[in-house]
Structure formats: C-alpha cells, structure tokens
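Asks:
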Amino acid sequence: MANLTTLISTLITANHILHYHSVCDAYGHISVRHPDEPSQFIMSADRAPALVSSADDLVTYQVEDASAVDPDSPRGYIERYIHSEMYKRYPEVNSVIHAHAPEVLPYAISGVPLKPVFHMPAFLGLDIPLWDIEDAYNETDSHDLLVRNEHEGASLASYFAAPENETAQTDIPDRKVVLMRKHGFTTFGTEIEIAVFRAVFTTENAKAQTDSALLRNAFGGLAAQGVNLQEWSTGAEGDLMENNFEPLTERQAADAEESIGQTISRPWNLWVAEVEANPLYQNNS
Numbered sequence: 090m091a092n093l094t095t096l097i098s099t100l101i102t103a104n105h106i107l108h109y110h111s112v113c114d115a116y117g118h119i120s121v122r123h124p125d126e127p128s129q130f131i132m133s134a135d136r137a138p139a140l141v142s143s144a145d146d147l148v149t150y151q152v153e154d155a156s157a158v159d160p161d162s163p164r165g166y167i168e169r170y171i172h173s174e175m176y177k178r179y180p181e182v183n184s185v186i187h188a189h190a191p192e193v194l195p196y197a198i199s200g201v202p203l204k205p206v207f208h209m210p211a212f213l214g215l216d217i218p219l220w221d222i223e224d225a226y227n228e229t230d231s232h233d234l235l236v237r238n239e240h241e242g243a244s245l246a247s248y249f250a251a252p253e254n255e256t257a258q259t260d261i262p263d264r265k266v267v268l269m270r271k272h273g274f275t276t277f278g279t280e281i282e283i284a285v286f287r288a289v290f291t292t293e294n295a296k297a298q299t300d301s302a303l304l305r306n307a308f309g310g311l312a313a314q315g316v317n318l319q320e321w322s323t324g325a326e327g328d329l330m331e332n333n334f335e336p337l338t339e340r341q342a343a344d345a346e347e348s349i350g351q352t353i354s355r356p357w358n359l360w361v362a363e364v365e366a367n368p369l370y371q372n373n374s
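As numbered in our numbering, residues 90 to 374 make up the sequence shown, in order.
Now the structure itself:
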C-alpha cells in the first residue's frame, strides 16, 4: 500500500477513470483501505465520481460499522456497507468497487449467466454468482435494493467466497466479481489499480458477450430466411452455425488471468493519461 497522500491521489484518479470508461455515471463508488489504519477505509462523500477532486471530497470510515471517523464529515454514500463488509471479512482486500454499468446490468436481470469470453477478463472465472438482496432482508429493511446496513453487506460479501468457504474465514475472496440482481455488480482488488482493471474489463466482457450473442442470432436469422450460409461465407466462418457459442475454458481462464495480471500497469498508465488530459477531471490532491 502506498503512503496516504499518494493513495488519496490514486483514489481520486480511479474515480475519474471509472467515469471515463462508463463503469460509473453519477452513481457507483470506489474505496480504499487506509494504509496506516487497516480498520478504516476511505471513499468519496456523496458526489458523482467524475467530480471528486480533492481530499476534502473524501470521508474516512470505520470498517467495523461504516460510521464516519469524523462525526462532522459530509454525508456519504448509503451503500458504504458494501465496502465495510468486504474489508471486514477479507483482510487482504484493499479496494472495492460497486457500479451499475449498463453493459453489465442485463446479466443481473435476464438470468443469462455472465462468462469470460476473451482473455483480458479471464479473472471472472467460470463461476460468477448472482446475489439477490431479497434473501438478506429482515422485516424492517427497505426493499429499495440498496445495501443499507451491515447484515445486507455481509450477505453480499459472503458470495465472494466459494461454496466450501462460505462459513470459513479467508484472507482473500475466491471470486473476483459478484452480480447483484436488478442492481449491478461489485468487485475488488488488493490495490486500487487491480480493482479498476477488473471493473473496466467486467464491463468490456459483458459488452463483448452481448454483441456476440446478437451477432450469432442475426446470423441464425439468415438461415431461417433460407440463405445458404455455406455459399454466403467461406472458411472458418462457414462453421459458425455448427459450433456452440462458448466462454473460455477453465484452463484458458486460469492461464490468461496469470498472464494478463502481469500487465495491469499498461492500461492503468493509459487510463491515467486519458483523464489527466480531460478538463472535466480535476485532481487537486
């Protein structure tokens, strides 16, 4: 973990990157565990990520109950319990992102499973769970789909554990992304850059999967219209209708995650340059 001043600057930049890449709009948020006080975490007050610009826009919270360390802090995000419960359950989690990217939302609504379909989002793995907050509500909870308290946040955090670890204490989650039914998704990293990488490429993967499914269905529509596909296309394309659409294999996902995981600084440095060149984003840390 970097020193506090550097970490605050990186957190502000991460807010900007998430907006620039349409992971977050006015909603969604990223946090980081405090580098000197692991029982605390830092995230923006109630502001759109693109408009976070200085340390004055940030609030420090207690991991234990998501309460502000300074009681005079500005109002924060309602769903900060997503973050506090991840830090509470998994000691090696140092950054958490929650978002409602439009590309990902259909997979939290339609019942169609999200799967890794190219190498950059191999971290998704083949088991991406769908968490339903309805299963976490008690009699007095609001049913507005927002994670408003500790028991709802703890329920979400438990879905990052593999089934065999749901009741065990583990330092790092088994799963990298959890979809939230009718809501969005949450991901994490051992550092901000990793969390941002996962959030961006979860979104890219969802778009690629949807576009591929639409393209395949359109191609199938030609066959339904009586078009001879063997005459219409040649070579490998002619086999398209004979091969099932499939995600990465388990071996491909594991190997690609290891390889691509060593290159995260490359997109991160590009993304930093992109937001630094855009006058909308101000980092006065």
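All residues carry an ideal CB built from backbone N, CA and C; glycine is no exception. All values derive from a computational prediction rather than experimental measurement.
1) Excluding the 5 residues flanking residue 110 on each side, which residues of the same chain have their C-beta closer than 6 Å to its C-beta?
2) Taking 8 Å as the limit between beta carbons, can you name the residues of its chain near residue 182, skipping five residues before and five after?
3) Could you tell me the distance, in whole angstroms, from the CA atom of residue 208 to the CA atom of residue 302?
4) Check whether the stretch 141-159 and the stretch 187-195 are in contact - that is, three or more C-beta pairs closer than 8 Å.
5) Which same chain residues, not among the five before or five after residue 295, have their C-beta less than 8 Å away from its C-beta?
6) Using a Cβ-Cβ cutoff of less than 7 Å, which residues in the same chain neighbour residue 370 once the five nearest sequence positions on both sides are dropped?
7) In this structure, does DSSP put residue 122 in helix, strand or coil?
8) For residue 164 and residue 134, which I take to be in contact (beta-carbon distance under 8 Å), what is that distance rounded to the nearest angstrom?
9) So what does residue 150 bridge to, in DSSP terms?
10) Give the secondary structure of residue 390 by DSSP, where H, G and I count as helix, E and B as strand, and everything else as coil.
11) Terminal residues of the continuous alpha helix (DSSP H) containing residue 361?
12) Quick check: the Cα distance between residue 321 and residue 308, rounded to an integer number of angstroms?
13) First and last residue of the alpha helix (DSSP H) that includes residue 172?
14) Can you name the start and end residues of the beta strand (DSSP E) that residue 187 belongs to?
15) Using the C-alpha atoms, what's the distance from residue 150 back to residue 35?
16) By Cβ distance, which residues of its chain are closer than 8 Å to residue 393, with the 5 residues on each side in sequence left out?
17) Where in the stretch 197-280 do unbroken runs of the beta strand (DSSP E), each at least 3 residues long, occur, reported from the N-terminal end onward?
18) Alpha carbons only, please: which of 306, 206, 101, 198 is nearest the one belonging to residue 346?
19) For residue 353, which option in 284, 372, 293 has the closest C-alpha, if you only look at C-alpha atoms?
20) Under 8 Å by Cβ, that's how I've got residue 275 and residue 185 pegged, so tell me the actual separation to the nearest angstrom.
21) Closest to residue 216 by CA distance: which of 198, 229, 251, 239 is it?
22) Could you give the residue range of the alpha helix (DSSP H) that holds residue 96?
Replies: Per the coordinate set shown:
1) Mapped onto the sequence shown, residue 110 falls at position 21. So the qualifying residues of the chain are 289.
2) The residue you call residue 182 lines up with position 93 of the sequence shown. Non-local C-beta neighbours of residue 182 in its own chain, meaning closer than 8 Å and more than five positions away in sequence, comprise 122, 175, 176, 261, 262, 277, 278, 279, ordered along the chain.
3) Counting from one through the sequence shown, the residue named residue 208 turns up at place 119. Counting from one through the sequence shown, the residue named residue 302 turns up at place 213. Between residue 208 and residue 302, the C-alpha separation is close to 18 Å.
4) no
5) Locating residue 295 in the sequence shown gives position 206, counting from the first residue. These residues qualify, in order along the chain: 190, 192, 193, 195, 196, 203.
6) In the sequence shown, residue 370 corresponds to position 281, counting from 1. Its chain contains 105, 139, 364 as the residues whose beta carbon lies nearer than 7 Å to that of residue 370, once the 5 sequence neighbours on both sides are disregarded; these appear in chain order.
7) Residue mapping note: residue 122 aligns to position 33 of the sequence shown, counting from 1. Note: residue 122 maps to strand in three-state DSSP.
8) The residue given as residue 164 occupies position 75 in the sequence shown. The residue given as residue 134 occupies position 45 in the sequence shown. Right, the Cβ-Cβ distance comes to about 6 Å (below 8 Å), so this counts as a contact.
9) Residue mapping note: residue 150 aligns to position 61 of the sequence shown, counting from 1. Bridge partners of residue 150: 130, 157.
10) There is no way to answer for residue 390, as the model of the chain reaches only from 90 to 374.
11) The residue labelled residue 361 in the question sits at position 272 within the sequence shown. Unbroken alpha helix (DSSP H) run through residue 361: 354-365.
12) Numbered from its first residue, the sequence shown carries residue 321 at position 232. Numbered from its first residue, the sequence shown carries residue 308 at position 219. The pLDDT assigned to residue 321 is 47, lower than 50, so where the model puts this residue is not dependable, and the model offers no usable value.
13) Taking the sequence shown and counting its residues from 1, the one referred to as residue 172 is at position 83. Element bounds for residue 172: 169-178.
14) In the sequence shown, the residue the question calls residue 187 occupies position 98. Residues 184-188.
15) Because the chain here runs from 90 to 374, residue 35 falls outside it and cannot be looked at.
16) Residue 393 lies beyond the stretch modelled for the chain, which goes from 90 to 374, so this question has no answer here.
17) 266-269, 273-278
18) Locating residue 346 in the sequence shown gives position 257, counting from the first residue. Comparing Cα positions, the closest option is 206.
19) Along the sequence shown, one-based indexing puts residue 353 at 264. Comparing Cα-Cα distances from residue 353 to each of 284, 372, 293, the minimum goes to 284.
20) By one-based count along the sequence shown, residue 275 stands at place 186. By one-based count along the sequence shown, residue 185 stands at place 96. Cβ-Cβ separation between residue 275 and residue 185: approximately 7 Å, consistent with a contact (criterion under 8 Å).
21) Here the question's residue 216 lines up with position 127 in the sequence shown. It is 251.
22) Your numbering for residue 96 matches position 7 in the sequence shown. From DSSP, the alpha helix (DSSP H) with residue 96 extends over 93-109.
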